[in-house]
Amino acid sequence: MSRTLKLEKDRHIALVTISNPPANTWTHDSLIELEALVEALEADTDITALVITGDGDKFFSAGADLKTFADGDKGMAATMAVRFGHAFERLANYRGVSIAAINGYAMGGGLECALACDVRIVERQSRLALPEARVGLLPCGCGTQHLTRLVGEGWAKRMILCGEQVDADTAERIGLVEEVVDTGKALERAMAMAEGVARQSPAALEHCKTLIMSSRERGMSDGFRLERELFVNLFDDPNQREGVNAFLEKREPQWTPVNRER
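Just add 30 to the spot in the sequence shown (first one is 1) and you have the numbering used here.
Listed below in structure tokens is the structure:
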């Protein structure tokens with residue numbers, strides 16, 4: 031990995047630290063790198079959880095470096111819009127569980143990165159915003175779509191159209207984040223949550239995430255049908271029998287990685 035994205039693996043957990051001081055901004059190269067990193071983790075059957083945090087104690091990520099757009103180059107704008115969109119869309123579609131440990135300011139593309147994750151843990155001192163319109167831009171890393179689905183149209187309009195920042199408690203109240211922790215504790219809590227992911231069957235985990243994500247676009251009856259179909263499909267996987275029998279035998283299950291060639 032580059033100096034901008036630091037990757038560490040601990041058994042079934044991949045920890046990615048955004049490290050581009052002073053504000054952990056995203057660049058063209060680091061966005062390409064994030065997309066490639068998620069692709070690589072897809073192929074690593076030992077990894078079931080991805081935790082993302084920011085380096086230091088002030089910023090999770092401040093988003094893009096505005097100097098990139100200072101000369102009004104439309105070609106550069108198109109390139110960066112594609113890079114932001116592809117990177118965070120790929121993150122949102124990651125097969126495992128992604129957890130954002132928000133340890134400071136999460137602004138613009140920084141918040142969009144967190145929005146693309148499955149779960150968000152935020153430290154009490156953090157501030158979150160999508161302030162792009164204030165500088166003549168708009169969120170182009172899936173932010174308008176993810177934010178609206180999480181918090182509803184009203185709060186999305188307050189944050190994007192009115193330029194409101196929200197603190198940690200407000201973010202939890204409106205459903206933008208799932209948990210608020212004390213300063214310095216986001217990564218610890220995210221890693222503990224990632225440990226819980228390992229107790230789930232890998233195949234069941236993937237099917238459950240597919241169902242949850244597909245509920246955004248499927249009709250209810252279609253979702254019911256897919257739910258039943260994927261439930262039956264689990265019986266082709268050895269983890270189904272292992273999970274049930276481990277419970278009946280009062281022991282911890284020994285999961286088998288998902289066979290991606292099946």
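All C-beta atoms, glycine included, are put in the ideal place defined by N, C-alpha and C.
Of the residues assessed, residue 70 falls on the exposed side of the cut-off, its CB having fewer than 16 other CB atoms within 10 angstroms.
Secondary structure at residue 288: coil, using DSSP grouped into helix, strand and coil. With contacts defined by Cβ atoms closer than 8 Å, residue 220 and residue 154 do not form a contacting pair. Cβ-Cβ distances below 7 Å link residue 264 to 233, 234, 237 and 270 in the same chain, with the five nearest sequence neighbours on each side left out; the list follows chain order.
Of the candidates 223, 256, 116 and 250, 223 places its Cα closest to the Cα of residue 148. For residue 244, the closest C-alpha among the options 123, 150 and 108 is that of 123. Going by DSSP, residue 84 is part of the beta strand (DSSP E) stretching over 79–84. Every beta strand (DSSP E) of 3 residues or more that sits fully in the stretch 42–80 is shown, in chain order, as 43–48. With 16 or more neighbouring CB atoms inside 10 Å of its own CB, residue 138 falls in the buried class. Look at residue 91 here: in three-state DSSP terms it is strand. Between the C-alpha atoms of residue 217 and residue 91 there is a straight-line separation of about 15 Å. As a beta-bridge residue in DSSP terms, residue 132 pairs with 152. The count of Cβ pairs closer than 8 Å, one atom from the stretch 49–60 and one from the stretch 96–114, reaches three, so the stretches are in contact. Residue 211 is bridged by DSSP to 153. Boundaries for residue 267: no alpha helix (DSSP H) harbours it, and the DSSP string shows neither H nor E there. Straight through space, the alpha carbons of residue 47 and residue 274 are spaced by roughly 36 Å. Under the 10 Å beta carbon count, residue 268 is surrounded by fewer than 16 other beta carbons and is classified as exposed. Only buried fits residue 78, as 16 or more other CB atoms lie within 10 angstroms of its CB.
The three-state reading of DSSP puts residue 38 in strand, counting E and B together.
According to DSSP, residue 250 shares a beta bridge with no other residue. Residue 114: member of the alpha helix (DSSP H) spanning 104–122, first to last residue.
Between residue 115 and residue 192, the CB-CB gap reaches or exceeds 8 Å.
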